[in-house]
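Some notes on the structure that comes next.
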Amino acid sequence: MRDRNRNGRAQGPRQDDHDRVRAAVSRGWALPLNQIAPTVQRAVPGQILDVTLQQTSRDGWVYGFVVLTLDGGYRDIVVDARRNEILEIRRR
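Numbering (my numbering), first residue to last: 654 to 745.
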């Protein structure tokens, strides 16, 4: 069953995720994606296919990216969402 927002409209998981991301950015827990994505592109040139923002167990937030590299490989990249620092790059 879907939750209802304050206007009574059905609200699925995607809206919940969007609201959670917006709250993390507005509270200063995470930088906006448009500030993080260039760091990822410099580290691993290619096409960003997927992005997630997750809260870690240590009260931090990390962005997770899946990038299709220029040579056709895939990379998973983890970035500290507050400091804009790459924490991990691994091949898929």
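Virtual Cβ for every residue (Gly too), placed ideally from N, Cα, C.
Report task. Taking all protein chains shown into account, decide if residue 734 is buried (16 or more other Cβ within 10 angstroms of its Cβ) or exposed. Result -> Its Cβ being crowded by 16 or more others within 10 Å, residue 734 is buried.
Query raised in the report: Does DSSP put residue 724 in a helix, a strand or coil?
Result: coil
Query raised in the report: Is it the case that the Cβ atoms of residue 720 and residue 693 are separated by a distance below 8 Å?
Result: yes
Report task. Take the Cβ of residue 683 as the centre, count every other Cβ of all protein chains shown within 10 Å, and call the residue buried at 16 or more, exposed below. Result -> Buried, because 16 or more other Cβ atoms sit within 10 Å of the Cβ of residue 683.
Report task. Just confirm the distance between the C-beta atoms of residue 704 and residue 723, as a whole number of angstroms; I'd bet it's less than 8 Å. Result -> With a Cβ gap of about 19 Å, residue 704 and residue 723 do not count as contacting.
Requested in this report: With a 10 Å radius around its C-beta and 16 neighbouring C-beta atoms as the bar for buried, classify residue 702 as buried or exposed.
Outcome: exposed
Query raised in the report: Beta-carbon separation of residue 697 and residue 715 under 8 Å?
Result: No, the pair does not count as a contact, with Cβ atoms beyond the cut-off.
Query raised in the report: Between the beta-carbon of residue 745 and the beta-carbon of residue 729, is there less than 8 Å?
Result: yes
Query - Residue of 671, 680 and 740 minimising C-alpha distance to residue 717 - result: 740
**Report entry** Secondary structure of residue 697, DSSP reduced to three states
**Finding:** coil
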